[in-house]
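Going left to right, the sequence shown walks through residues 1 to 212 as this note's numbering numbers them.
Where is the CB? At the ideal position from N, CA and C, for every residue including glycine.
These numbers were taken from a predicted model, which means no experiment stands behind them.
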Amino acid sequence: MPSRKALAKVIALVAGVSFLLSASPAAAHHPFGGETPSNFFEGLFSGLGHPIIGPDHFAFVVAVGLLAAIKERGILIPIAFVLAAVAGTGIHLMSLDLPLPEIVISASVLLFGVMLALKNSPSSMVMAALAAIAGLFHGYAYGEAIVGAEMTPLVGYLAGFTLIQLAIASFAFQVGKYAMRQVTEQPTLVLRFAGYTICGAGAAFLSSSILG
């Protein structure tokens, strides 16, 4: 069984996910209240805020970081996601459409929660590929807040959400590694508890997306 100290670390990490369940995922698409950033710093702060105030995005990035802690070469998972998110924003800015983005984003949270909760999940390469697909849709949603912006705020926005996602995933990764070091038997079990929490978040997001 996981130690109380290790479990407390993970509970503290995923508590933010549970707290954010009361927020609407749609609100994350407009960190500045629907106004398009007009300069680099507005773009930067908008990008920094989007993955944090968006509970679906936040939950997914936490799941990605925790999965990376479990897997050999797991660092490929958040890297694939972050790079694909930039591409997804580009898809939106090119006025190309992705099907049912909100539903896919919510489903991705549920899927990665399940992957985290499983005793034996797919390999790092498979998870990185899935993270990249999810990243396209998360990035597509990010793009909504920057449509019509000039190049300077756009660069700030891309830098902002890339940096904050890497920071969140890295923090989750370090917490996950620390938690597993505190457990002698079944060290990944403590992170599976976090997976159950993220599953619950994903199910709530998906229900909200489908039912409107």
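| query | result |
| --- | --- |
| Proximity to E102 [Cα-Cα], best of A87, Y142, V82, E72 | Y142 |
| Separation of D56 from S46, as counted between CA atoms | 17 Å |
| Which listed residue (L154, L110, G135, R181) has its alpha carbon closest to that of S208 | L110 |
| Runs of alpha helix (DSSP H) lying entirely within the stretch 103-186, each at least 4 residues, in chain order | 124-143, 151-181 |
| Boundaries of the alpha helix (DSSP H) in which S209 is found, first to last residue | 189-211 |
| C-alpha gap between L211 and I75, whole angstroms | 35 Å |
| Rounded straight-line distance, which links the Cα of A167 to that of L96 | 29 Å |
| Sequence-distant residues of its chain with Cβ nearer than 6 Å to K177 (five each side left out) | A69 |
| DSSP state of S95 mapped onto helix, strand, coil | coil |
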